[in-house]
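Residue numbers (the numbering used here), protein chains in the order written: chain S, 1 to 341; chain Z, 1001 to 1341. Backbone N, C-alpha and C define an ideal beta-carbon position, used for all residues, glycine too. None of the values given here were measured: they were computed from a predicted structure. Step one of this worksheet: look at the structure below.
There are 2 protein chains.
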Amino acid sequence: MQHQKLATIEDVAALAGVSIATVSRAINEPTKVADATRRRVTEAIARTGYTTNAMARSLRMRRSNMILILAPDVGDPNFSNILVGLETEASKRGYGVLIGNTQNDPSRETDYLRFISSNQADGLILFTGHLPYGYGQDGSETRLPPIVAVNEPVSAANVPFVGVDNFEGARIATEHLLSQGHRRVAFIGHAPGREINRLREEGYRTALAGAGLPLDPRLIIDGDGTIESGRAAAELMFVRDALPTAFFCVNDATALGVIIALNARRYDLPRQFSVMGFDDISFASFVSPSLTTMKQPRHRIGEAAMELLLEMLAGEPPRERQVLLRAELIVRNSVARASGL
Amino acid sequence: MQHQKLATIEDVAALAGVSIATVSRAINEPTKVADATRRRVTEAIARTGYTTNAMARSLRMRRSNMILILAPDVGDPNFSNILVGLETEASKRGYGVLIGNTQNDPSRETDYLRFISSNQADGLILFTGHLPYGYGQDGSETRLPPIVAVNEPVSAANVPFVGVDNFEGARIATEHLLSQGHRRVAFIGHAPGREINRLREEGYRTALAGAGLPLDPRLIIDGDGTIESGRAAAELMFVRDALPTAFFCVNDATALGVIIALNARRYDLPRQFSVMGFDDISFASFVSPSLTTMKQPRHRIGEAAMELLLEMLAGEPPRERQVLLRAELIVRNSVARASGL
DNA sequence: CCTGCCGATGTAAAGGTTTTCATCATTTGT
DNA sequence: ACAAATGATGAAAACCTTTACATCGGCAGG
């Protein structure tokens, strides 16, 4: 427990017979110090087991080399894979990654801002789709650190976004269904207010329009992106008696719900109904029938987002307002040719 | 970008007409300062928008109020839920959570130690099942910060562990199968070296012994805890032609593999074979048949682990070497009464 | 031989806290 | 009414770096 007093830069300096300034330079700007001295210093560092105290450095440099990641739900499967990418890239560049689980609770969001305002983090990655509660009001806007949004764009403010091309992905997905001969394709959505939902629905509409198909509003149902919501939506379709031959779901969880509902009604999938998801979450391949879906390049999203943020931190203005990566069509067994009905 | 010079404690002091010492006390030990002054200080804090600079504080206090979490794979579904618990508890006590994804790479493990040695983190949570590579050698042992192991005990060292009671859970699981009339129960294991595997297999053996059943070594197969490994193990059983009526799998992923293999062979589950998992990962309920399994109280594990670590940080010796939480039997549809064969 | 420059190093300030110790005013005990 | 104790506050040191500026010796150019 009782940290046996760590070696400081002074100890190293004393041992090497130089001043602490020289030690600091030997570490941070090796070219600026003579070869011989540099060797003595490295030797002394090794002997003392010195590590530079990050707190003192951060205090002096006014930067912590930490990135704060704010996510509504750290347990979300979409999160963890992007996180790996974020973390990998950050670590590669000598940055650490701090996580904050907000649970969409405004007070928790505000709470995490202390990391920013107390200099404990230099930049911010937002999974939440909105600026932390408490920012952007009053004049404090200027205090915002560099921010990159991921997973879900921040609609209000001028925040660069890195993520999948939702519109394009949804269009490809819908076109895949159309290419299988489906003419009545339902869209089971997320909360209508959310940007992700808007874009994916837009892609769906565009694909339909592109094929010259009319839009049946009874085939569009909102939800909340959960398995249960998918189940409920499918049931609603049966009640309304306006059935599609294929379901395009805003995400895999919803698609799972639809599949569960259809299985429960003893339909034979994919012969009688096709179901397509979006995201390719890890268990998409283990449902029965395994889910045809659009795969998000989550690891790369994380890397790209962190890359962008670190560039911004280095002072470069964000090169682009958003980086959109292509979703990939993953064909499994939940989509089949439309049976002639 | 250009941080408009944040307010410091001096600004507050000046505005309140007191010394910085008093401001510091008003913040940290409010009782030690007169009511009137305290009010003036809080007023001044509000007016200046002051936040205490965490770096300066950490430097002075020699503690960062950060916890480093080292995990081999942040994407692991088991991880994220425990993480939520860890994070919640930490945040509640004013601690931040730093994550490190080691991918079981020794050099990355060593790399993350800089957070410890540079005072950027006060304590360590280990998911890895072993001390970070580079510790415990030479005399540096003493530099170890308070550590708590989670998910997987650290076998070598004297590190407190918080997790599920694997032995007891496995015993309960196996007894459940026995109670359904099964007499030939297979155990599909993880890598034999791993502690988790040892304990769960021990629980299995104990249950069998308790029921006076003989142990058929052909019914015990090692694996590596993946879906594929479960599939392979089930296939192997058919090749060996020593079939059980029920499979107890070391974890849900393995169980999923077994189910996939049996489904592929067109068996009718659970009528012809029962399958039981362990962990209750999020998609256990969405396989068909849905998986009967033992649920780990992951959120509580996280909370308990963090609680223990923070106590240790506060100077209290760890109350117990390990905290074992009970796994809960979740009955779904993959286990049925043994058909008389 | 002198001036000016350059490269290597040292001195000291600054970064923003917490905390020990001293100071001072006030209250308590006798 | 005086000594002692108590309570509130302030001054200054300490935490460990980085870096602007000063210093110093040597070397090239005149």
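Best match in the options for proximity to residue i [C-alpha to C-alpha]
{"i": "Gly-277(S)", "options": "Arg-265(S), Ser-290(S), Tyr-267(S), Arg-266(S)", "result": "Ser-290(S)"}
{"i": "Arg-60(S)", "options": "Arg-1063(Z), Asn-1053(Z), Asp-1224(Z), Arg-1200(Z)", "result": "Asn-1053(Z)"}
{"i": "Asn-263(S)", "options": "Phe-1286(Z), Arg-1057(Z), Glu-1316(Z), Tyr-1204(Z)", "result": "Phe-1286(Z)"}
{"i": "Asp-76(S)", "options": "Phe-127(S), Gly-94(S), Ser-107(S)", "result": "Phe-127(S)"}
{"i": "Leu-256(S)", "options": "Thr-293(S), Ser-58(S), Asn-158(S), Ala-34(S)", "result": "Thr-293(S)"}
{"i": "Ser-1282(Z)", "options": "Gly-1123(Z), Asp-1122(Z), Asn-1251(Z)", "result": "Asn-1251(Z)"}
{"i": "Glu-1228(Z)", "options": "Ile-1221(Z), Ala-1261(Z), Thr-1245(Z)", "result": "Ala-1261(Z)"}
{"i": "Leu-1006(Z)", "options": "Pro-145(S), Arg-25(S), Gly-96(S)", "result": "Pro-145(S)"}
{"i": "Ile-1221(Z)", "options": "Glu-1202(Z), Cys-1249(Z), Arg-1265(Z)", "result": "Cys-1249(Z)"}
{"i": "Met-312(S)", "options": "Arg-57(S), Ile-67(S), Glu-29(S), Glu-43(S)", "result": "Ile-67(S)"}
{"i": "Thr-37(S)", "options": "Tyr-112(S), Arg-114(S), Met-55(S), Ala-14(S)", "result": "Ala-14(S)"}
{"i": "Thr-1110(Z)", "options": "Val-1097(Z), Gly-1096(Z), His-1130(Z), Lys-1092(Z)", "result": "His-1130(Z)"}
{"i": "Asn-1078(Z)", "options": "Lys-1092(Z), Gln-1322(Z), Arg-1298(Z)", "result": "Arg-1298(Z)"}
{"i": "Gly-1225(Z)", "options": "Gln-1272(Z), Gly-1203(Z), Asp-1241(Z), Asp-1279(Z)", "result": "Asp-1279(Z)"}
{"i": "Arg-240(S)", "options": "Arg-114(S), Pro-72(S), Pro-217(S)", "result": "Pro-217(S)"}
{"i": "Tyr-1112(Z)", "options": "Ile-1196(Z), Gly-1134(Z), Val-1258(Z), Gly-1096(Z)", "result": "Gly-1134(Z)"}
{"i": "Ala-1044(Z)", "options": "Ile-1027(Z), Met-1055(Z), Gly-1181(Z), Ala-1056(Z)", "result": "Ile-1027(Z)"}
{"i": "Ile-1196(Z)", "options": "Leu-1324(Z), Ile-1020(Z), Leu-1269(Z), Ser-1339(Z)", "result": "Leu-1324(Z)"}
Neighbour-count burial assignment, residue i, 16 or more Cβ in a 10 Å radius
{"i": "Arg-1337(Z)", "result": "exposed"}
{"i": "Ala-209(S)", "result": "exposed"}
{"i": "Val-1162(Z)", "result": "buried"}
{"i": "Tyr-267(S)", "result": "exposed"}
{"i": "Thr-31(S)", "result": "exposed"}
{"i": "Asp-138(S)", "result": "At Asp-138(S) the pLDDT is 49, less than 50, meaning the model places this residue with poor confidence; the figure from the coordinates comes in the next sentence. Per the 10 Å Cβ criterion, exposed."}
{"i": "Leu-215(S)", "result": "exposed"}
{"i": "Glu-152(S)", "result": "buried"}
{"i": "Glu-1316(Z)", "result": "exposed"}
{"i": "Asn-1081(Z)", "result": "buried"}
{"i": "Gly-193(S)", "result": "exposed"}
{"i": "Ser-1107(Z)", "result": "exposed"}
{"i": "Gly-1094(Z)", "result": "exposed"}
Boundaries (first-last residue) of the alpha helix (DSSP H) holding residue i
{"i": "Leu-1086(Z)", "result": "1077-1092"}
{"i": "Val-41(S)", "result": "35-48"}
{"i": "Thr-293(S)", "result": "Taken as a continuous stretch (DSSP letters only), Thr-293(S) belongs to no alpha helix (DSSP H), being part of the beta strand (DSSP E) at 293-295."}
{"i": "Phe-410(S)", "result": "The question about residue 410(S) has no answer, for chain S in this structure spans 1 to 341."}
{"i": "Ser-1179(Z)", "result": "1166-1179"}
{"i": "Leu-6(S)", "result": "Note, Leu-6(S): premise wrong, no alpha helix (DSSP H); not H, not E."}
{"i": "Val-1239(Z)", "result": "1227-1240"}
{"i": "Ala-1021(Z)", "result": "1020-1028"}
{"i": "Arg-56(S)", "result": "Position check: residue 56(S) holds Ala in this sequence, whereas Arg was assumed. Ala-56(S) -> alpha helix (DSSP H) spans 54-61."}
{"i": "Leu-308(S)", "result": "298-313"}
Range of the contiguous beta strand (DSSP E) that encloses residue i
{"i": "Leu-1101(Z)", "result": "Reading off the sequence shown, one finds Asn at residue 1101(Z), where the question assumed Leu. That run of the beta strand (DSSP E) goes 1096-1101."}
{"i": "Val-1154(Z)", "result": "Unbroken run through Val-1154(Z): none, as it is neither H nor E."}
{"i": "Ser-274(S)", "result": "274-276"}
{"i": "Gly-281(S)", "result": "Reading off the sequence, residue 281(S) comes out as Ile, not Gly. Careful: Ile-281(S) lies outside any beta strand (DSSP E) and carries neither H nor E."}
{"i": "Phe-1115(Z)", "result": "Not the beta strand (DSSP E): Phe-1115(Z) falls in the alpha helix (DSSP H), residues 1106-1117."}
{"i": "Glu-1346(Z)", "result": "This structure leaves residue 1346(Z) out entirely; chain Z is present only between 1001 and 1341."}
{"i": "Leu-68(S)", "result": "66-71"}
{"i": "Val-185(S)", "result": "185-188"}
{"i": "Leu-1124(Z)", "result": "1123-1126"}
Test item: CB-CB of residue i and residue j under 9 Å
{"i": "Leu-1199(Z)", "j": "Phe-1238(Z)", "result": "no"}
{"i": "Ala-1421(Z)", "j": "Ile-1125(Z)", "result": "Outside the modelled stretch of chain Z, which goes from 1001 to 1341, sits residue 1421(Z), for which no answer is possible."}
{"i": "Val-1074(Z)", "j": "Val-1041(Z)", "result": "no"}
{"i": "Ala-1232(Z)", "j": "Phe-1247(Z)", "result": "no"}
{"i": "Leu-309(S)", "j": "Ile-1099(Z)", "result": "no"}
{"i": "His-190(S)", "j": "Gly-223(S)", "result": "yes"}
{"i": "Ser-274(S)", "j": "Val-331(S)", "result": "no"}
{"i": "Val-164(S)", "j": "Gln-296(S)", "result": "yes"}
{"i": "Ala-34(S)", "j": "Val-23(S)", "result": "no"}
{"i": "Gly-203(S)", "j": "Ile-172(S)", "result": "yes"}
{"i": "Val-1150(Z)", "j": "Gly-1302(Z)", "result": "yes"}
{"i": "Ser-1288(Z)", "j": "Ser-58(S)", "result": "no"}
{"i": "Ile-116(S)", "j": "Val-97(S)", "result": "no"}
heavy atom of the ligand GDP below 8 Å from residue i C-beta
{"i": "Val-41(S)", "result": "Absent from the structure shown: the ligand GDP. Ligands present: none."}
Do the segment 43-50 of chain S and the segment 59-79 of chain S touch if we need at least three Cβ pairs shorter than 8 Å?
no
Give a yes or no on contact between the segment 206-220 of chain S and the segment 179-197 of chain S, applying the rule of three or more CB pairs nearer than 8 Å.
yes
If we count Cβ pairs, one from each stretch, closer than 8 Å, do we get three or more for the segment 89-104 of chain S versus the segment 1083-1099 of chain Z?
yes
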